[in-house]
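With the working numbering, the residue at position 281 of the sequence shown is 1235, and numbering never jumps.
Scroll down for the structure; my scribbles are underneath it.
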Amino acid sequence: MSLRNPKLLITAIFSLILSSIAAVAQPVDNDEVPNYFTYRSVIPHGCIGEIPSARSAPADEDLAFDQVVQVSDQGQSAEIRVRAWRLGCHEQGRSAIILNFDYLSGSTQVRYPRVRFSDGNDREEPAGLFFSTPLVAQDEEGESLDEASSQALGFPDGVSFIVAPPDSVTPGYYNGHLTLDLEWGDGQTLGIPVPSYDPFLDLPQSPDPAIHGRYSGQWVASGLPRSGLVLQIAEIDPSRNYVFAVWFTYLDGAPVWLVGNADIEQGATEVTLEMLLLEGGGFVTEPGSFSPDDVTTEVVGTMTLRAIHCNRIQADLDFSAAGLGVESLHLNRLIRIAGYDCDQTQ
955 MSLRNPKLLI TAIFSLILSS IAAVAQPVDN DEVPNYFTYR SVIPHGCIGE
1005 IPSARSAPAD EDLAFDQVVQ VSDQGQSAEI RVRAWRLGCH EQGRSAIILN
1055 FDYLSGSTQV RYPRVRFSDG NDREEPAGLF FSTPLVAQDE EGESLDEASS
1105 QALGFPDGVS FIVAPPDSVT PGYYNGHLTL DLEWGDGQTL GIPVPSYDPF
1155 LDLPQSPDPA IHGRYSGQWV ASGLPRSGLV LQIAEIDPSR NYVFAVWFTY
1205 LDGAPVWLVG NADIEQGATE VTLEMLLLEG GGFVTEPGSF SPDDVTTEVV
1255 GTMTLRAIHC NRIQADLDFS AAGLGVESLH LNRLIRIAGY DCDQTQ
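Structure below.
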């Protein structure tokens, strides 16, 4: 089978997608239809790969705050170690603020505090305590004013929460210098200064982001007009994920598409796929006119995908065995997934 005579033609779908994006749309309130439009948040969904823990926090001397306080609440008292730090995201200029409460002694009926932001310019904003990036349906205060006994206190390093604000807070405000004002039920307060996000100090949970389902979508590269990659990351069962990729490109001036798929471990930061050229078959309006045996496949190379951040991935292509060269491409996201965007801070 010759690679120079592909029979399978494709429509230039990427030009159609670009045309659709350019069309003027009426504004819609994201809060009204959260399953179809991305819900706003200052913390990218792709930032938190696992529940934060003090075990993975910065060294004690690099914490934004680390202090043991005696707290009274509802007639009960407890000695609590309170720690705070920023967890970096791979998205530029983005982080998550983490608060950790370690009950050293006393009653676990002492509730978690309410939290507010202040920036030193007479602006205050409410905040909530969450185990993961908050969803649209959650109470804005999260676990605030819940008794510690209602949580799993078996953690040897205490319970960690993501401090998340409401929609009124911008990414710029959240990632700037702030004070967290904690207030327990009996009115006891504690001010925690949190420095501005510093990408050199506030490191992410892993050196490279994990490839997960929110990286699904359409991706394009500079210098390759009306071409691109369709990427799907999905799950077969709770312990098995897979990647399916389709390159829409050209060969000798004719459209051609290459496909590849591979299983991927949860938390993996890269995946390599064998890319196949398919030939034969019939047109979409001719069902029943051909069988699976009429479609032939040939391995023409490999593609290794690495995530950089939610809107950028790297694709290392090796088609040298087929005489089609080697290239490393940085791909940019073409469209956002409605309701399930990877970076909803945009």
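All C-beta atoms in this analysis are idealised placements derived from N, C-alpha and C, irrespective of residue type, glycine included.
Quick caveat, the model's predicted, so the values are computed rather than measured.
Terminal residues of the alpha helix (DSSP H) in which residue i lies
i, result
"residue 1127", "1125-1128"
Contact set for residue i: own chain, Cβ-Cβ below 6 Å, skip 5 residues either direction
i, result
"residue 1251", "1230 and 1232"
"residue 1138", "1025, 1027 and 1067"
"residue 1280", "1272 and 1274"
"residue 1282", "1270"
"residue 976", "Low confidence applies here, because residue 976 scores a pLDDT of 45, under 50, leaving its location unreliable; read the following figure in that light. Hits under 6 Å: none found."
Nonlocal neighbours in the same chain, by C-beta distance under 8 Å from residue i, ignoring five residues either side
i, result
"residue 957", "Unreliable placement is indicated for residue 957, whose pLDDT of 47 sits below 50; the coordinate value is still reported in the next sentence. Answer for residue 957: 1205, 1231, 1252, 1254, 1276, 1277 and 1278, listed in chain order."
"residue 1064", "1025, 1026, 1027, 1028, 1030, 1031, 1032, 1034, 1057, 1101, 1102 and 1138"
"residue 968", "Residue confidence for residue 968 is low, a pLDDT of 46 falling below 50, so the modelled location carries little weight; the figure read from the coordinates is stated next. The residues are 1172, 1174, 1180, 1181, 1182, 1202 and 1288."
"residue 1266", "1284, 1285, 1286 and 1287"
"residue 973", "Low per-residue confidence applies at residue 973: pLDDT is 47, beneath 50, and the placement is therefore not dependable, though the value from the model is reported in the following sentence. Within the same chain, residue 973 has no close Cβ partners at all."
"residue 971", "Caution applies to residue 971, whose pLDDT of 45 falls short of 50 and renders its modelled position unreliable; the value that the coordinates give is listed next. Excluding residues within five positions, the ones whose Cβ falls inside 8 Å are 1172, 1288 and 1289."
Anticipated Cβ contact below 8 Å, residue i with residue j, distance rounded
i, j, result
"residue 1013", "residue 1054", "Going by Cβ atoms, the distance from residue 1013 to residue 1054 rounds to 14 Å, so no, they are not a contact pair."
"residue 1004", "residue 1297", "The pair is not a contact, with the Cβ atoms about 18 Å apart (cut-off 8 Å)."
"residue 1249", "residue 1227", "Rounded, the Cβ-Cβ distance is 19 Å, inconsistent with contact."
"residue 1006", "residue 1264", "Not confirmed; about 19 Å, so no contact."
"residue 1143", "residue 1135", "6 Å"
"residue 1259", "residue 1213", "So it is not a contact: roughly 14 Å between Cβ atoms."
"residue 1115", "residue 1084", "6 Å"
"residue 1299", "residue 1059", "Going by Cβ atoms, the distance from residue 1299 to residue 1059 rounds to 39 Å, so no, they are not a contact pair."
Start-to-end residues for the beta strand (DSSP E) that takes in residue i
i, result
"residue 1075", "Note, residue 1075: premise wrong, no beta strand (DSSP E); not H, not E."
"residue 1209", "1208-1218"
"residue 1055", "1049-1060"
"residue 1155", "No beta strand (DSSP E) contains residue 1155, which DSSP labels as neither H nor E."
"residue 1148", "1143-1148"
Own chain, CB closer than 7 Å to residue i, minus 5 neighbours either side, in chain order
i, result
"residue 1081", "1069, 1070, 1071, 1117, 1118 and 1119"
"residue 1156", "1040, 1041, 1042 and 1049"
"residue 1122", "1079"
Residues that DSSP places opposite residue i in a beta bridge
i, result
"residue 1024", "1033"
"residue 1101", "1065"
"residue 1084", "1116"
"residue 1224", "1260"
"residue 1070", "1080 and 1135"
"residue 1233", "1250"
"residue 1000", "Its beta-bridge partners do not exist; DSSP assigns none."
Runs of 3 residues minimum, wholly inside the region 1235-1288: which ones carry the beta strand (DSSP E) assignment? 1249-1263, 1266-1272 and 1280-1287
Can you check the region 1165-1206 for any beta strand (DSSP E) of at least 3 residues that lies completely inside it and give the ranges in chain order? If only complete runs of 3 or more residues are kept, the region 1165-1206 shows the beta strand (DSSP E) at 1171-1175, 1182-1191 and 1194-1205, in order along the chain.
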